[in-house]
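Enquirer: Below is a structure I'd like to ask you about.
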Amino acid sequence: MQLDFSALMSQKTLTCPCRMQVTANLMQDMAQQLLFFNTKVRILAQKRLRDRLKIYLQTLTPDEKGCYSLPYTRTELADFLCVDRSALSRELCRMRDERILDFSGAKIHLLNPTFLYGWN
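The UniProt record's numbering numbers the first residue of the sequence shown as 1 and each following residue consecutively.
The structure is reproduced here in structure tokens:
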């Protein structure tokens with residue numbers, strides 16, 4: 001779908017509060033979608049699953065205890081990262097064994113904070 005942006009920015013649109021709000025809402029939605037797809041491309045550009053997980057975790061906000069709540073089930077996260085669920089589970093277990101993180105259900109606790117921003 002293509003939008004005629006000249007119609008969104010016409011003088012009539014800029015003087016009507018309702019049209020201004022619709023335009024602002026459209027632009028905000030488009031910006032959110034652009035950010036989502038940019039993140040998705042950054043994730044999928046990574047060859048290693050561990051790197052994909054790292055970038056994905058960087059997009060989440062930890063709680064006060066440093067835990068990340070995953071908005072997806074394990075299967076949905078595997079689909080989002082474009083990997084098999086078994087490969088995702090195996091990599092998470094390896095990372096747990098290496099004391100990088102710990103997980104329980106939809107919660108991930110980062111044990112090694114340098115993992116997200118350090119060179120691995």
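Think of the CB as a built atom: it goes at the ideal place given N, C-alpha and C, for glycine as much as any other residue.
Quick one: residues in its chain with C-beta nearer than 7 Å to the C-beta of Arg42, no 5 flanking neighbours on either side, listed in chain order?
Expert: Annotation for Arg42: Ile55 place their beta carbon closer than 7 Å to its own, counting only its chain and skipping 5 residues before and after.
Enquirer: Going by CA-CA distance only, name the one from Ala87, Thr23, Leu110 that's closest to Glu98.
Expert: Leu110
Enquirer: Could you work out which residue in Ser6, Leu88, Phe115, Cys16 is closest to Leu49 when comparing CA atoms only?
Expert: Leu88
Enquirer: Once DSSP output is grouped into helix, strand and coil, what is the label at Lys40?
Expert: helix
Enquirer: Around the C-beta of Tyr68, are 16 or more other C-beta atoms found within 10 angstroms, so that it is buried, or is it exposed?
Expert: buried
Enquirer: Which residues share a DSSP beta bridge with Ser69?
Expert: Lys107
Enquirer: According to DSSP, simplified to helix, strand and coil, what is Asp51?
Expert: helix
Enquirer: Just confirm the distance between the C-beta atoms of Asp102 and Arg96, as a whole number of angstroms; I'd bet it's less than 8 Å.
Expert: 6 Å
Enquirer: Given a threshold of 16 other Cβ atoms within 10 Å of its Cβ, counted over all protein chains shown, does Arg52 qualify as buried or as exposed?
Expert: Here Arg52 is buried, its C-beta having at least 16 other C-beta atoms within 10 Å.
Enquirer: Using the Cα positions of Gly66 and Lys107, report the straight-line distance between them to the nearest angstrom.
Expert: Distance from the CA atom of Gly66 to the CA atom of Lys107, rounded to whole angstroms, is 10 Å.
Enquirer: Pick helix, strand or coil for Asp84, following the three-state DSSP scheme.
Expert: coil
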